[in-house]
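What follows is a single structure, written as structure tokens, with notes after it.
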Amino acid sequence: MDPIQEMRRQVCEELHGSVTIVVLGASGDLAKKKTYPALFGLFKNGFLPENTRIVGYARTKMTQEDYLKRVTQYIKSDDTTEFQKILSYVSGQYDQDESFQQLDKFILDSEEERHIQVGKRHRVFYMALPPSVFITVAQGLKKNTYAKQGLNRIVVEKPFGHDSESSAHLAKELGACFTEEETFRIDHYLGKEMVKNVMMVRFANIFFSQIWNRSNIDNIQITFKEPFGTEGRGGYFDEFGIIRDVIQNHLLQVMSLIAMERPISTDAEDIRDEKVKVLKCIPPISVNDALLGQYIAENGKPSYLDDVTIKNKDSLTPTFAALVLFVQNERWEGVPFVLKAGKALNEAKVEVRIQFRNVAGSLYNGAARNELVLRVQPDEAVYIKFNNKQPGLSYQTIQTELDLTYQNRYTDMAIPDAYESLILDVLRNDHSNFVRDDELVAAWKIFTPLLHKIDAHHSDIKLSNYKYGSRGPAELDNFMKRYGYDRSNVCYSWPVQSVAPKKE
Ligand code: BG6
1 MDPIQEMRRQ VCEELHGSVT IVVLGASGDL AKKKTYPALF GLFKNGFLPE NTRIVGYART
61 KMTQEDYLKR VTQYIKSDDT TEFQKILSYV SGQYDQDESF QQLDKFILDS EEERHIQVGK
121 RHRVFYMALP PSVFITVAQG LKKNTYAKQG LNRIVVEKPF GHDSESSAHL AKELGACFTE
181 EETFRIDHYL GKEMVKNVMM VRFANIFFSQ IWNRSNIDNI QITFKEPFGT EGRGGYFDEF
241 GIIRDVIQNH LLQVMSLIAM ERPISTDAED IRDEKVKVLK CIPPISVNDA LLGQYIAENG
301 KPSYLDDVTI KNKDSLTPTF AALVLFVQNE RWEGVPFVLK AGKALNEAKV EVRIQFRNVA
361 GSLYNGAARN ELVLRVQPDE AVYIKFNNKQ PGLSYQTIQT ELDLTYQNRY TDMAIPDAYE
421 SLILDVLRND HSNFVRDDEL VAAWKIFTPL LHKIDAHHSD IKLSNYKYGS RGPAELDNFM
481 KRYGYDRSNV CYSWPVQSVA PKKE
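Encoded structure:
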């Protein structure tokens, strides 16, 4: 069977042809920008079972018309008429039993109306909510709205706490309401096409699996760059900082896929077992292995502290961090993994860059180190920096690339948004791309000591300034050099926007 058809069949079978998806926080930003467009994508492509209803829930009082207008405004399609027919809205509080009972009644009526058999009245609760109400809402749902005659699933988004202790508390409270099997913790990076490709590249290609170790790899960088600052999101950001916002979750997830051992199968638990194992081999990050920065104004662009939503005008929250992690096992001992992320930098880019060792006793001057790059965004690509003879009479060594740029190779591809792919996994009951509770524990252990020092403005912590639109703090190149990164081939630059080669 065609694999897409097979996925549609899986969803239908898993949910017996019907489900009610409740979007909590339906009036918020995440819901309108990500959740509803993703649900629309699934609807349009036939992935929602025929008898699906989507119920928005939030405190705001809204007419059905206002609700529809709000949740469809980010959907890139002229025709949402059919989709709108399965949407409805209930307003209620997050901390009152009666509100959740009304929601329950609303869903029950809709289940009756749809003639859904008892035992098949499944509910998915999508929490597009601020963390301050996670626990209260989960408790309210469990007590009043939990399906008694069907399956329950709850989808939660980061932040999962702000350190080991708060994360353990959240896990305990949520765990008292929903089982691990019912819980899907989203890290949307796990839904990105290139991130989903990492295991395939590693474990389905013999030439990669053989060289994936400390004997051949010198250092690995996982980089996240955004060309804009916090701009209005400062209230949230200032409490979290770039390490909690991006590195501890998104980049660490990517790292665990790059560093883990081969799982015994592609089953969700086998994959997650290996991810947890590798995380447990990483000791807490040392302050000496961290470079932190905050952006300042440049060329008419504001500084971080100019953001009006930041209350503390002396804030020392990092907006840039380069952190070096080491995996203490046989495969990786001594290989630095540099996790780098920054706001207000010179470009938008997320990539994994694996730099190989020098060729021993190289015959050729000018041969640069090989690098394998997995470009996550923009413009998905896998390429290898590669030494080649200058074609023609010359024997000069030149750097070139073996290039798999998706837009050139897969001309009719349609890459779904990460959320679309992840919500589909929730419906199929596939946990592979979600964060397990023990994974969270292991992840926080690596970061908590450093974060506590940063929060306490410990005297060991230094925060460098960098200009809006720059590559980051001026110390960055020297810092990278300390961990072996060789930028000698800097004159070579990857032709990002490369399209089909020009004919002469
Ligand atoms: C979010 C962070 O989790 O990821 C944001 O909170 C960040 O600060 C965003 O901008 C990046 O996601 P994407 O999909 O745009 O790379």
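First residue of the sequence shown: 1, per the UniProt record's numbering; consecutive thereafter.
Ideal Cβ placement from N, Cα and C applies to all residues, glycine included.
No experiment lies behind these values; they were computed from the predicted model shown.
Practice task
Name the residue from Val350, Asp2, Glu13, Lys34 whose alpha carbon lies nearest to the alpha carbon of Ala418.
Solution key: Nearest to Ala418 by C-alpha distance, out of Val350, Asp2, Glu13, Lys34, is Lys34.
Handout entry: Paired residues, beta bridge with Tyr383 - DSSP
Key = Answer is Val373, Asp403, bridged to Tyr383.
Problem - Same chain only: Cβ atoms within 6 Å of Gly161, ignoring 5 sequence neighbours per side - result: Cβ within range, chain order: Ser167, Leu170.
Exercise for the section: Under 7 Å Cβ to Cβ from Gly472, same chain only, skipping five residues before and after it: list those, please. Expected result: Scanning its chain for C-beta atoms nearer than 7 Å, with the 5 sequence neighbours on each side dropped, one finds around Gly472 the residues Gly293, Phe320, Gly342, Leu345, Tyr466, in chain order.
Practice task
Would you mind stating whether Gly361 and Gln396 have Cβ atoms separated by less than 8 Å?
Solution key: Taking C-beta atoms as the reference points, Gly361 and Gln396 fail to come closer than 8 Å.
Problem - N-terminal and C-terminal residue of the alpha helix (DSSP H) that Asp270 is part of - result: That run of the alpha helix (DSSP H) goes 268 to 280.
Practice task
Kindly give me the distance between the Cβ atoms of Val195 and Val254, rounded to whole angstroms, as I take these residues to be in contact under 8 Å.
Solution key: The beta-carbon separation of Val195 and Val254, rounded to 6 Å, stays under the 8 Å limit for a contact.
Exercise for the section: Return the Cβ separation of Pro318 and Leu476 in integer angstroms, given the expectation that the two are a contact with Cβ distance under 8 Å. Expected result: Actually they do not touch by this definition, with Cβ atoms about 13 Å apart.
Practice task
State the start and end residues of the unbroken beta strand (DSSP E) segment that holds Leu323.
Solution key: Element bounds for Leu323: 320 to 325.
Practice task
Verify the contact flag: Asp245, CB atom, against every heavy atom of the ligand BG6, threshold strictly below 7 Å.
Solution key: The answer is yes for Asp245.
Exercise for the section: Leaving aside the five residues before and after Pro284 along the sequence, list all residues of the same chain whose C-beta is less than 6 Å from its C-beta, in chain order. Expected result: Counting only Cβ-Cβ distances below 6 Å, and skipping sequence neighbours, we find Ile446, Pro449.
Problem - Val350 beta carbon less than 8 Å from that of Thr183 - result: Taking C-beta atoms as the reference points, Thr183 and Val350 fail to come closer than 8 Å.
Handout entry: 8 Å Cβ shell around Gln93 - same chain, five flanking residues per side excluded
Key = If the five residues before and after Gln93 are omitted, its C-beta is found closer than 8 Å to the C-beta atoms of Arg59, Ser99, all from its own chain and listed in chain order.
Problem - Pairwise C-alpha distance: Glu347 and Thr63 - result: A straight line joining the alpha-carbon of Thr63 with that of Glu347 spans about 41 Å.
Exercise for the section: Classify Ala341 as helix, strand or coil using the three-state DSSP reduction. Expected result: Three-state result, Ala341: strand.
Exercise for the section: Check the C-beta distance from Phe47 over to Arg8 and give it rounded, since I have them as a contact under 8 Å. Expected result: Their Cβ separation, rounded to whole angstroms, is 6 Å, which keeps Phe47 and Arg8 in contact under 8 Å.
Exercise for the section: Could you tell me if the beta carbon of Asp298 falls within a distance shorter than 7 Å of some heavy atom in the ligand BG6? Expected result: Before going on, a small fix: residue 298 reads as Glu here, not Asp. Remark: the C-beta of Glu298 is outside contact range of the ligand BG6, defined as less than 7 Å to any heavy atom.
Exercise for the section: Check whether the Cβ of Val350 lies closer than 7 Å to any heavy atom of the ligand BG6, and answer yes or no. Expected result: Because some heavy atom of the ligand BG6 lies under 7 Å away, the Cβ of Val350 counts as near it: yes.
Practice task
With hydrogens ignored, establish whether the beta-carbon of His188 is closer than 7 Å to any heavy atom of the ligand BG6.
Solution key: Yes, the ligand BG6 has a heavy atom inside 7 Å of this Cβ.
Exercise for the section: Consult DSSP for Tyr485 and reduce its assignment to one of helix, strand or coil. Expected result: Note: Tyr485 maps to coil in three-state DSSP.
Handout entry: Among Leu251, Ala297, Gly229, Lys143, nearest to Val376 - alpha-carbon criterion
Key = Distance check between Val376 and each of Leu251, Ala297, Gly229, Lys143 places Leu251 closest, using alpha-carbon atoms only.
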